[in-house]
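Read in order, the letters of the sequence shown are residues 110 to 293 in this note's numbering. Structure first, then comments.
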Amino acid sequence: MSESPFHDVKPGRLPAAAYAQRLQAAEMPALTPMQAVIEAERCLYCFDAPCQTACPTGIDVPSFIHRIADGNVRGAAQAILSANPLGGMCARVCPTEVLCEQACLRNTHEDKPAEIGLLQRYATDHLMAHPGAPLFSRAPATGRRVAVVGADGISHNEMEDAKPEHIAAGCNVLLHAMLERAGT
Ligand code: SF4
110 MSESPFHDVK PGRLPAAAYA QRLQAAEMPA LTPMQAVIEA ERCLYCFDAP
160 CQTACPTGID VPSFIHRIAD GNVRGAAQAI LSANPLGGMC ARVCPTEVLC
210 EQACLRNTHE DKPAEIGLLQ RYATDHLMAH PGAPLFSRAP ATGRRVAVVG
260 ADGISHNEME DAKPEHIAAG CNVLLHAMLE RAGT
């Protein structure tokens, strides 16, 4: 019998302190509504935004930040989740400091990027707290199925296969995660 290619995939490979350090961003205090608007207004809404190019899931960063500045937080969440259904989790575990925030033009002007990760967390947390009507609707089932293996920050590239348009097209999307909670 051949050895499983997943023999090295298991939880708890790092010491607890290492996990605590890596998840430090998740412990950062959330933005208040006022802080979120002030931070959103630091964005330059760049054309061909480098932050969006640097995002592995292609979130339209200037668009969602602009919506926060306009008070349309639900719309901001929709812009995020339409590109990345795990946008709330990624706002906590994605290494934004070497992706979108490293590419942010505010590094040049103010030596400090727009707080894209915190703004993304603000918008998605707001939606979770005030869900309202569903943002996306499911088309009649076609019988097609899409499986995504992994629900952590590293595997979010795979979410290309689980975007809302697949669900809207009637595909059944199944997310396989080893642990109970996505992002762990
Ligand atoms: S690069 Fe920075 S300033 Fe430009 S759109 Fe992205 S977040 Fe805003």
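The beta carbon of each residue, even a glycine, is placed where N, CA and C say it ideally should be. The structure presented is a predicted model; accordingly, all values stated were derived computationally and were not measured.
Which of the three DSSP states, helix, strand or coil, is assigned to residue i?
i      : result
Ala126 : helix
Arg247 : coil
Val202 : helix
Met143 : helix
Arg151 : coil
His218 : helix
Ala223 : coil
Gly121 : coil
Gly180 : coil
Cys209 : helix
Leu228 : helix
Ile174 : helix
Glu237 : Before going further, note that residue 237 is Met rather than Glu in the sequence given. Looking at Met237 - three-state DSSP - the assignment turns out to be helix.
Leu195 : coil
Thr162 : helix
Ile189 : helix
What does the alpha-carbon distance come out to for the pair residue i and residue j?
i      : j      : result
Arg176 : Gly279 : 29 Å
Glu224 : Glu206 : 9 Å
Arg151 : Ser172 : 13 Å
Gly180 : Ile189 : 15 Å
Ala145 : Pro243 : 24 Å
Val202 : Asn216 : 21 Å
Ala125 : Arg131 : 10 Å
Asp117 : Val257 : 19 Å
Val170 : Ala158 : 8 Å
Glu267 : Thr166 : Summary for Glu267: the model assigns pLDDT 49, below 50, so the residue's position carries little reliability, and this model does not support an answer.
Ser191 : Ile168 : 8 Å
Ala127 : Arg253 : 40 Å
His235 : Ile147 : 17 Å
Ala200 : Cys155 : 21 Å
Met287 : Gly121 : 12 Å
Leu195 : Leu208 : 17 Å
Arg247 : Asn281 : 10 Å
His218 : Met137 : 24 Å
Val182 : Ala232 : 6 Å
Could you tell me which residues DSSP puts in a beta bridge with residue i?
i      : result
Val256 : In the sequence on display, residue 256 carries Ala and not Val. Leu283.
- Say whether the segment 160-170 touches the segment 204-223, bearing in mind that this needs 3 or more beta-carbon pairs closer than 8 Å, one atom from each stretch. yes
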